[in-house]
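Below is one structure; the comments refer to it alone.
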Amino acid sequence: MKHMKLCGLLACALAVLPAGAFAAYLHIVPETGNFHVGENFNAGIYVSTEEPVNAMQGVIAFPTEFLQAVNADGGGNSIVNLWVQKPSLSNAGDAGNVRFEGVVLNPGFTGANGKIIEVTFRVRKEGFAEVSFTDFAVLANDGLGTDISTAPGKAEFTLLGARAAETGSEATLESNEVKIKAVEEKIKSVEEQIKNINVLEPAEGVGVTGFWNTLPGWLKVIALIVAGAIMLVVGLLAVSFGALILIWLWNFILRRKTKFTKWAELLPARIRRFRRKASGAADAAKKELTSDVRFAFRELKEDYREAEKKKSFLKIVKNFWVSVIKIAKRFFEDNVKK
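Going left to right, the sequence shown walks through residues -23 to -1, 1 to 315 as mature numbering (1 follows the signal peptide of the UniProt record, and there is no 0) numbers them.
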């Protein structure tokens, strides 16, 4: 009889124990707060449990008239190891939402205030905003996936007007953010264009060398002959022009010599000695020029004779340039014996 009474008392005690003694509790931090229009603030989603849990999912709703979800971050110090559904957000309609579904690896999580995600809100309008769960589940790490979640918490925020000193700066900040995003998109577009650019390498045989290689042999010979003839004509013109200048200088010296002789007769003996030396130099110059011109004509005459006999055009051109070099060299040498 005593044993039956003891069992009855134990049954009653178990019956009055709270059903959620080992329940998991989802909540939002902070639960309250005052924020101003145009400002951003963060709200963390946490889980507290005395029993190990290895999965949790939820949908958080908020009024889009007053709040805008800017970012939902599941990285950093989150207890979640793997995301079945990465944190996502939507600001469509009257009620926006933030969704998440993650897994905690064995042995799961046990404790208070285990951070799951952090949501960044921006205040749109003055008023009162409630952020709450519309769907939620927390699964125990018991091998059965038992949902041990209890009614989650909610958050209530008081939204005030924009701070007077910061109204203009917030508008400027938003404008700058839009500009930065536009620049980033432009940079990405340019990078894609650069990747698609094909570097064109010059084809083989392009240019003067390539053109020359495409010519037939007989045409190359004709081109060389024409080039040699042009060089010969240019050389003859240069020599003829040089001879013309030499003749003019020769006559100029002769004319000056007569005037200088008459003028020198009126000078003292020292000047006369100078005249004789100058006259001797003029005579020597005359002889030198005469000798050089004769040499030039002899060399050119010899080249003309060889041109009638030689069959090799290259040999004729070579001899011509050798003669030109000899003539030029002779003009700078003293070839008349004193």
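Every residue, glycine too, gets a C-beta built ideally from N, C-alpha and C. It should be emphasised that the depicted structure is a prediction, and the values quoted were computed from it without experimental measurement.
For V14, the three-state secondary structure derived from DSSP is coil. Here N48 is bridged, per DSSP, to T97.
The beta carbon of L223 lies closer than 7 Å to those of L266, V270 in the same chain, with the five residues before and after it left out. In the structure shown, R76 adopts extended strand secondary structure according to DSSP, grouped into three states. When C-beta atoms of the stretch 93 to 113 are compared with those of the stretch 12 to 21, three or more pairs fall below 8 Å, so the two segments count as touching.
Segment contact: the stretch 101 to 109 against the stretch 43 to 52, three or more CB-CB distances shorter than 8 Å; contact assigned. Boundaries of the alpha helix (DSSP H) harbouring A305: 290 to 308, taken from the DSSP string. Between S109 and A89, the CB-CB gap reaches or exceeds 9 Å.
Residue pairing by DSSP places F110 opposite I37 in a beta bridge. With respect to the C-alpha of M33, the residue from D112, K156, W227 having the closest C-alpha is D112.
The DSSP-derived three-state label of K131 is coil. A Cβ-Cβ contact shorter than 9 Å links I37 with R76. In the three-state DSSP reduction, K92 falls in the strand class (E or B). In this structure, L3 and S166 do not form a Cβ contact; the two beta carbons are roughly 43 Å apart against a cut-off of 8 Å. In the same chain as S25, and ignoring 5 residues on each side of it, the C-beta atoms closer than 8 Å to its own belong to A1, Y2, H4, G88, A89, N90, G91, in chain order. Taken through DSSP and simplified to helix, strand or coil, D124 comes out as strand. If you compare the alpha carbons of G70, I202, N48, A69 with that of K63, the shortest gap goes to N48.
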